[in-house]
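Written out below as structure tokens is the structure these notes cover.
2 protein chains.
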Amino acid sequence: MNNNRPIGIFDSGVGGITVFKEIRKYLPYENLIYFGDTKHNPYGSKSKDTVTRLSTENVQFLLRKNVKYVVIACNTASALSLHLLRKFYTVPMIGVVDTGAKAAIETTKNGKIGVIGTRATIDSGAYLRALLKLDPKLKIKSLACPLFVPLVEEGWSNSKVAELTAFEYLKVFRKIKADTLVLGCTHYPFLKPVIVKILKNTRLIDSATETAKAVKKELEQKSLIREKKTRPTCTFYVTDAPERFKKIGSSFLGYDIGQVKLVEVE
Amino acid sequence: MNNNRPIGIFDSGVGGITVFKEIRKYLPYENLIYFGDTKHNPYGSKSKDTVTRLSTENVQFLLRKNVKYVVIACNTASALSLHLLRKFYTVPMIGVVDTGAKAAIETTKNGKIGVIGTRATIDSGAYLRALLKLDPKLKIKSLACPLFVPLVEEGWSNSKVAELTAFEYLKVFRKIKADTLVLGCTHYPFLKPVIVKILKNTRLIDSATETAKAVKKELEQKSLIREKKTRPTCTFYVTDAPERFKKIGSSFLGYDIGQVKLVEVE
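If you're matching them up, the sequences are chains Z and F in order. Numbering of the first sequence is given in the numbering used here, commencing with residue 1 and proceeding in unit increments. Numbering of the second sequence is given in the numbering used here, commencing with residue 1001 and proceeding in unit increments.
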């Protein structure tokens, strides 16, 4: 096995770049390919069949790029399609939902777990299923927080509006005394300071960080870690509007991500 | 000319149903076809080429349904593609941007106009161009308000969060003393009560209402008004997730919209 092969990460858009960032942190010598299906973004409002068809095309694109591992950074694709993709392909795969759920279970002491995410992620019931599969006795409260993504994208993460919004959304988790809260959306970690103020005694689970840790662990177990300790290459592909991706992606990462390549996958 | 032919309305999703609603109000006897390209929703983050290609396909679908008139209820498509579509097709067409701009100019007394919309609509500069084309001496301030759509969709239009958010966004229009504000997004009319509190002396332009009025006027001028005063048919087509469209569409209109048909247009 050639360990020099890249890790492939796909998302429906630019949000998964927070997962990319964490993987860079935990695995600084790995070559990375990020694929954003911006033409079909967001997946959240699409049917299961469509999401699975698109996810399949994304995996095939990454396989043509000779990846050794596939990370599904999109909550919706991870929720709706990971189990099917694993049946079709032999390449090892991981999704943000399973890793987030696993970390929550390792963290909770009272068995009361909260999950927040976009409307699509919550409606899919993916975290609920993943958590209950691991422990059917858990008490779980899931809540969609559709205002959180635009709050972050506005740069209002530390504003009064964010505080008031977070208070409205999160009070239910105080009521049920959840000791663990899964941030089931790639944007939400930016709101940690505000969330911590409202849920003082609740442990927050960041799916992006947990995914990066899990990828590292699995690569080590499978002896797939790149041996060369030279500067790796990171390449970005999108299916539409590369300039927009470059702008938002660079701002998320805090450095210029360079050329973003436009590709067709259908 | 058979005036019994339907009016075709297209949008990238369900938002344009507010335009549908206004057209129903102003033209209660017209047969209507609503086409929502939910598979590619939203258009806002897509490139001009992609939006134009998708819009062309949408018009062709409506022409196959024998429409006598095309209404572009999508701000992005209206902004980026209307002028090109008018070159390609002989069917009369209207877009929400031009009608909103025209109404604003007829309303303003001090020549200071504000425009609010989604990030995509504002970044496209469409309202700015449409307004300046009609009167180059206007003073215009455009502002994206990305939190407004999720606020409306959360049912928080009359909440404290909405008030605080609207205050943050709209204070700039008080500062420049705009006497007219264009609501350049199909969701924004739901926030009128909150906006009016902050901008007491500003006239609000609702593009959906203005579009419906303009459609009526043009149909009258072209003698295209349906003569039969019997109950018209309204049909809904989407390119993905018809059940979701049915649910949100029915809630927007306040009645069950019946069957939503799934079609392929590519």
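Where a beta carbon is used, it is the ideal one built from N, C-alpha and C, also for glycine. Being a predicted model, the structure only gives us computed values, none of them experimental.
| Query | Result |
| --- | --- |
| Let me make sure I understand the geometry here. Which of F:Leu1027, F:Pro1092, F:Pro1189 and F:Gln1221 has the alpha-carbon closest to that of Asp1206 (chain F)? | F:Pro1189 |
| Using a Cβ-Cβ distance cut-off of 8 Å, determine whether Arg1231 (chain F) contacts chain Z. | no |
| Beta-carbon of Thr76 (chain Z) versus every beta-carbon of chain F: anything under 8 Å? | no |
| Hey, does Arg244 (chain Z) have any beta-carbon neighbour from chain F nearer than 8 Å? | yes |
| Which residues of chain Z have a Cβ atom closer than 7 Å to the Cβ of Glu1168 (chain F), listed in chain order? | Val161 |
| Considering Gly1013 (chain F), what are the terminal residues of the alpha helix (DSSP H) in which it resides? | Premise fails: Gly1013 (chain F) is in no alpha helix (DSSP H) and is neither H nor E. |
| Ile195 (chain Z) bridges to which residues according to DSSP? | Answer is none; Ile195 (chain Z) lacks a bridge partner. |
| When DSSP labels each residue in this structure, what does Arg269 (chain Z) get in the three-state scheme? | Given that chain Z is displayed from residue 1 to residue 266, the structure contains no residue 269 (chain Z) and the question cannot be resolved. |
| Since Glu218 (chain Z) and Ile72 (chain Z) should fall inside the 8 Å C-beta cutoff, what is the C-beta to C-beta distance between them, to a whole number of angstroms? | Not confirmed; about 14 Å, so no contact. |
| With a CB to CB cut of under 6 Å and the five nearest residues on each side skipped, what residues in its chain are close to Lys229 (chain Z)? | Tyr29 |
| Do we get a CB-CB distance below 8 Å when we pair Thr165 (chain Z) with the residues of chain F? | yes |
| Compile a chain-ordered list of the residues in the stretch 1029 to 1045 of chain F whose CB is closer than 9 Å to at least one CB of chain Z. | Thr1038, Lys1039, His1040, Asn1041, Pro1042 and Ser1045 |
| In terms of residues, what are the limits of the alpha helix (DSSP H) holding Thr1121 (chain F)? | Arg1119 to Ser1124 |
| Are the beta-carbon atoms belonging to Ile1140 (chain F) and Leu1183 (chain F) less than 8 Å from one another? | no |
| Scan the stretch 47 to 79 of chain Z for residues whose Cβ lies nearer than 8 Å to a Cβ of chain F and list them as they occur along the chain. | Ser47 and Thr50 |
| Residues in the same chain with beta-carbon distance under 6 Å from Thr1165 (chain F), minus the five sequence neighbours each way, listed in chain order, please. | Leu1147 |
| What residues in the stretch 1124 to 1147 of chain F have a beta carbon less than 7 Å from any beta carbon of chain Z? | Pro1146 and Leu1147 |
| Please identify the residue among F:Asn1004, F:Phe1020, F:Thr1186 and F:Phe1035 whose C-alpha is closest to the C-alpha of Asp1240 (chain F). | F:Phe1035 |
| In chain F, what lies closer than 7 Å to Asp240 (chain Z) by C-beta? | Lys1046, Ser1047 and Thr1050 |
| Using a beta-carbon distance below 8 Å, is Pro1150 (chain F) in contact with chain Z? | yes |
| The beta strand (DSSP E) spanning Gly270 (chain Z) covers which residue range? | With chain Z covering 1 to 266 only, the question about residue 270 (chain Z) has no answer from this structure. |
| Leu147 (chain Z) by DSSP, collapsed to three states: which one? | coil |
| Can you give me the C-alpha to C-alpha distance between Ile1033 (chain F) and Lys200 (chain Z), rounded to a whole angstrom? | 52 Å |
| Compare the C-beta of Glu1154 (chain F) against all C-beta atoms of chain Z and say whether one is closer than 8 Å. | yes |
| Can you give the Cα-Cα distance for Ile122 (chain Z) and Lys1112 (chain F), rounded to whole angstroms? | 43 Å |
| Report the three-state DSSP secondary structure of Arg5 (chain Z) (helix, strand or coil). | coil |
| Within 8 Å (strictly less), CB to CB, does Ala79 (chain Z) reach chain A? | No chain A is part of this structure, whose protein chains are labelled Z and F. |
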